[in-house]
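Novice: So our numbering is basically just the index in the sequence shown, starting at one, shifted up by 255.
Sharing a structure, written as structure tokens. Questions coming.
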Amino acid sequence: MDQEKKKILTISGVGKSFGGLHILRDISLEVNKGERIGIIGPNGAGKTTFFNLLTGDLEPTRGKIYHYGTNITKQPNYKRVRNGMARTFQKNNLLNELSVLDNLLLVLQRKEGFGLVWFKSRGTEEYPKLYQQAYELLEKWGLAHQQDAIVKNLSYGEQRQIEILLGVATEPSILLLDEPTAGMSQSETDYIVDLLYKLPKDLTLMIIEHDLDVVFGLADRMVVLFDGGVLVEGTPEEVRADEKVNKIYIGSGDEV
Ligand SMILES: Nc1ncnc2c1ncn2[C@@H]1O[C@H](COP(=O)(O)OP(=O)(O)O)[C@@H](O)[C@H]1O
Ligand SMILES: [Mg+2]
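Here you go:
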């Protein structure tokens, strides 16, 4: 694979200000295909804002973002999704009144290019392939027993699991996960971690995660955001041993 193909994202001197407040300044990072990048940093460091810039939910104040060499700095979110970018949110983004199966069908339908055609009125006959795919995915991820559950009746942890499943279901080339284990019980966290380890190896992952054991175990490369910039970038071992990183985590209750 040539170098350009390998580089899925190039982030060049990106910054974001809200009013006069410089939340992110001058972030540069290259993300290679299949890489698993862990992003950590104290609360308010700008991690979620950084994801919002990558996905097009926010426009950077300065700098450029390239996806496979194409400048996507101003590209709207839906185009990035169509080009293989998926994300999960810190807060759940599911359709709460619908069942797990219906949420999954909607995501698969969008991916198949059915647009906004409402599948329900058509029933299973016209969309056997979509239903088949949905059943297979639910089976594969051990969630078949929840297919008819209405999302709002699931626990918070279960909703987060479903949300990640929906992210994966679109078969993205890059998946951005914002604190996937936040607020979860140990068993729910274990499920998510297990799921993340089972993701296809060519899927590029960027994961913001407060649970340092989870992220150090999963990532090939770590980026520590602090004070609007990249404080340290390196392997999990390098970051764990870094004095600056240890300093900002001292007293935070988290152990590096
Ligand atoms: N839309 C916005 N308008 C103004 N300030 C914002 C906005 N989004 C985030 N911020 C501020 O930017 C800072 C970084 O937020 P965020 O990216 O959510 O941090 P993190 O995810 O690292 O905890 C915070 O101080 C937050 O209040
Ligand atoms: Mg955040």
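All C-beta atoms in this analysis are idealised placements derived from N, C-alpha and C, irrespective of residue type, glycine included.
Which whole-angstrom value describes the C-beta separation of Glu-443 and Gly-472, a residue pair presumed to lie in contact below a C-beta threshold of 8 Å?
Specialist: With a Cβ gap of about 17 Å, Glu-443 and Gly-472 do not count as contacting.
Novice: Would you check whether ligand 2 has a heavy atom nearer than 8 Å to the C-beta of Thr-303?
Specialist: yes
Novice: Restricting to Cα atoms, I'd like to know which of Leu-467, Lys-456, Leu-431, Leu-353 is closest to Pro-297.
Specialist: Leu-467
Novice: When we look at the beta-carbon of Glu-418 and count the other beta-carbons within 10 Å, is it buried (16 or more) or exposed?
Specialist: buried
Novice: Using the C-alpha atoms, what's the distance from Pro-491 back to Arg-280?
Specialist: Between Arg-280 and Pro-491, the C-alpha separation is close to 24 Å.
Novice: In terms of alpha-carbon separation, which member of Gln-364, Glu-488, Ile-266 lies closest to Gln-387?
Specialist: Gln-364
Novice: Using only the heavy atoms of ligand 2, determine whether one of them is closer than 8 Å to the beta carbon of Glu-285.
Specialist: no
Novice: Can you pull the DSSP bridge partners for Leu-431?
Specialist: Arg-342, Met-461
Novice: Residues in the same chain with beta-carbon distance under 8 Å from Ser-354, minus the five sequence neighbours each way, listed in chain order, please.
Specialist: Sequence-distant partners of Ser-354 (beyond 5 residues in either direction) whose C-beta falls short of 8 Å from its own C-beta, in its chain, are Gln-402, Asp-403, Ala-404, Ile-405, Val-406.
Novice: Please report the straight-line C-alpha distance between Glu-434 and Tyr-382, rounded to a whole angstrom.
Specialist: 34 Å
Novice: Consider the C-beta atom of Asp-482 and the heavy atoms of ligand 2; say whether any pair is separated by less than 8 Å.
Specialist: no
Novice: Would you kindly work out how many angstroms separate the C-alpha atoms of Val-494 and Met-477, rounded to a whole number?
Specialist: 7 Å
Novice: Determine the direct distance from the alpha carbon of Lys-384 to that of Leu-480, and round the result to whole angstroms.
Specialist: 43 Å
Novice: Whole angstroms are fine: how far does the CA of Val-469 sit from the CA of Gln-414?
Specialist: 19 Å
Novice: Quick check on Tyr-390: does DSSP put it in helix, strand or coil?
Specialist: helix
Novice: Name the one or two DSSP bridge partners that Gly-270 has.
Specialist: Arg-317
Novice: Give the straight-line distance between the Cα atoms of Leu-451 and His-277, rounded to the nearest whole angstrom.
Specialist: 33 Å
Novice: Measuring CA to CA, which of Tyr-323, His-322, Lys-329, Gly-324 is closest to Thr-316?
Specialist: Of the candidates Tyr-323, His-322, Lys-329, Gly-324, the one whose C-alpha sits nearest the C-alpha of Thr-316 is Lys-329.
Novice: Taking 8 Å as the threshold, find out whether the segment 454–464 comes into contact with the segment 389–401 through three or more Cβ pairs.
Specialist: no
Novice: Buried or exposed for Lys-502, going by 16 or more other Cβ atoms inside 10 Å?
Specialist: With fewer than 16 other beta carbons inside 10 angstroms of its own, Lys-502 counts as exposed.
Novice: The alpha helix (DSSP H) with Asp-445 in it runs from where to where?
Specialist: 441–452
Novice: List in chain order: all unbroken beta strand (DSSP E) runs of 3+ residues lying wholly within the segment 280–336.
Specialist: 291–295, 317–322
Novice: Among Leu-359, Asn-408, His-400, which residue has its Cα nearest to the Cα of Val-423?
Specialist: Leu-359
Novice: On the premise that Ile-263 lies in contact with Ser-440, defined as a C-beta separation below 8 Å, what is that separation, rounded to the nearest angstrom?
Specialist: That pair is no contact at about 33 Å.
Novice: Identify the continuous alpha helix (DSSP H) that holds Val-470 and give its terminal residues.
Specialist: Per DSSP, Val-470 belongs to the alpha helix (DSSP H) from 467–473.
Novice: Once the 5 residues before and after Val-362 are set aside, which same chain residues still bring their CB inside 7 Å of it?
Specialist: Leu-421, Ala-424, Thr-425
Novice: State the beta-bridge partners of Ser-410 as determined by DSSP.
Specialist: Paired residue(s): none; Ser-410 is not in a bridge.
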